[in-house]
């Protein structure tokens, strides 16, 4: 259940963004969780509901996207979409491939509510 | 990734990131790896190890696959030739650290309570209790678990995944995130293989290759004469390559790749290191 550790890092980052932008509340937290990231979206959602309490994100919705796995083949140089537990090239079947997408675990964006005199540019 | 220099802004998101923001509801683009804090601490650990010429090896497996037994046998075999220390991770007890200390090498036990994995911060606390200047190799025996440890870079150089013959040869297919990051896969307890006829090391290797992983798959038995020779040869080879200046990254690089340009800002580490 390392999703709770992941969630605590997530909330630390969200709170930093909220503070830097003088937000009064966080309404949405967008996270990209690749199928190879080792994190299970339903567990992350459950951990988020527990961890957000008492923070500026207490009422925030967690919105997850799960990018598929794409690999680049070292032999035929094609890029193909593949599925676990087989990361071999989808075109020629060669096993030496490199994962291009699908292992992300990223906070992509945060939706905030701000008071009427905010700073002029957003701060990450 | 960086919070100050804007290097996480790419051609794909620049329009979003620089949108003028008005009062009320607004969206801020972040694009930060969720494990940024851990990965940063891991990089710091790796610097520590490298400053002292210490190779750090992360051992991972299910509980009971024989991580501690392999370490005991390794220390016995290499005791004179390599100066070794061990960081032990378990939920509870000092048992494993005591087993290692009984072999005459330093061992630091980390008890994680309920946590299912070690992280870079826990390892950092432990490595400050080790005489790094007097060591060649530090083994980090992770919490027995084929899931969670895979997500946390500890600052190690090499990942070793153990799989005992009693567990079945399809573990790499069942736990792909763990196995695909391995630098070597060690099939343990091969002395009892005659009782597990359906276990086939060739199938382990086929599953590992299907994960696009080049790790050699070695067999080991701590109960047979010469039973860990292949593992010892691998370890000595990697140690020699490390001593010759080759650097191993440990964890698999996550997408999108971390930027590598130098930062102007100072990273606060929260403590001073004594120079040894």
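Chains as they are written, first to last, in the numbering used here: chain A, 1 to 124; chain B, 1001 to 1276.
Beta carbons are placed, not taken as given, at the ideal position from N, Cα and C, and that holds for glycine.
Going by other Cβ atoms of all chains shown within 10 Å of its Cβ, with 16 needed for buried, is residue 1109/B buried or exposed?
buried
Step through the CB atoms of chain B and report whether any lies within less than 7 angstroms of the CB of residue 38/A.
yes
For residue 32/A, which three-state DSSP category applies?
strand
If contacts are defined as beta-carbon pairs under 8 angstroms, then residue 1084/B and residue 1139/B qualify, I think. What distance do you get, rounded to the angstrom?
7 angstroms
Beta-carbon contacts of residue 1099/B that lie in its chain and below 7 angstroms, excluding the five residues immediately before and after:
1068 and 1072
Separation of residue 1092/B from residue 112/A, as counted between CA atoms:
42 angstroms
So what's residue 1049/B in DSSP terms, helix, strand or just coil?
helix
Nearest candidate by alpha-carbon position, reference residue 1221/B, set 1205/B, 1244/B and 1187/B
1187/B
I'd like to know whether the C-beta of residue 1033/B is nearer than 7 angstroms to at least one C-beta of chain A.
yes
Considering residue 1247/B, what are the terminal residues of the beta strand (DSSP E) in which it resides?
Element bounds for residue 1247/B: n/a, residue is neither H nor E.
Rounded to the nearest angstrom, what separates residue 1249/B and residue 1183/B at their Cα positions?
10 angstroms
Which chain A residues are close to residue 1026/B, counting only those with a beta carbon under 9 angstroms from its beta carbon?
21, 23, 111, 112, 113, 114, 118 and 122
Rounded to whole angstroms, what is the Cα-Cα separation between residue 33/A and residue 1225/B?
46 angstroms
When the Cα of residue 1218/B is compared with those of 1210/B, 1211/B, 1244/B and 1230/B, which residue comes out closest?
1230/B
Look at the alpha carbon of residue 1180/B and the alpha carbon of residue 1163/B, and state the distance between them as a whole number of angstroms.
14 angstroms
Determine the closest residue to residue 1161/B out of 1145/B, 1154/B and 1155/B, with distance taken between C-alpha atoms.
1145/B
Can you list, in chain order, the residues of its chain whose CB lies under 6 angstroms from that of residue 1021/B, leaving out five sequence neighbours each side?
Low confidence applies to residue 1021/B: its pLDDT is 49, below 50, so where it sits in the model is not reliable, and the reading given next is rough at best. Within the same chain, residue 1021/B has no close Cβ partners at all.
Skipping 5 residues on each side, what residues in its chain have a beta carbon closer than 6 angstroms to that of residue 30/A?
63, 108 and 109
Is the shortest distance between the beta-carbon of residue 80/A and the beta-carbons of chain B less than 7 angstroms?
no
Within the stretch 1043 to 1104 of chain B, note down every full beta strand (DSSP E) run reaching 3 residues or more, in order along the chain.
1055 to 1060 and 1084 to 1090
Between the stretch 76 to 85 of chain A and the stretch 3 to 19 of chain A, are three or more C-beta pairs nearer than 8 angstroms?
no
Where does the unbroken alpha helix (DSSP H) through residue 20/A begin, and where does it stop?
3 to 20
Quick one: what does DSSP say residue 1151/B is sitting in, helix, strand or coil?
helix
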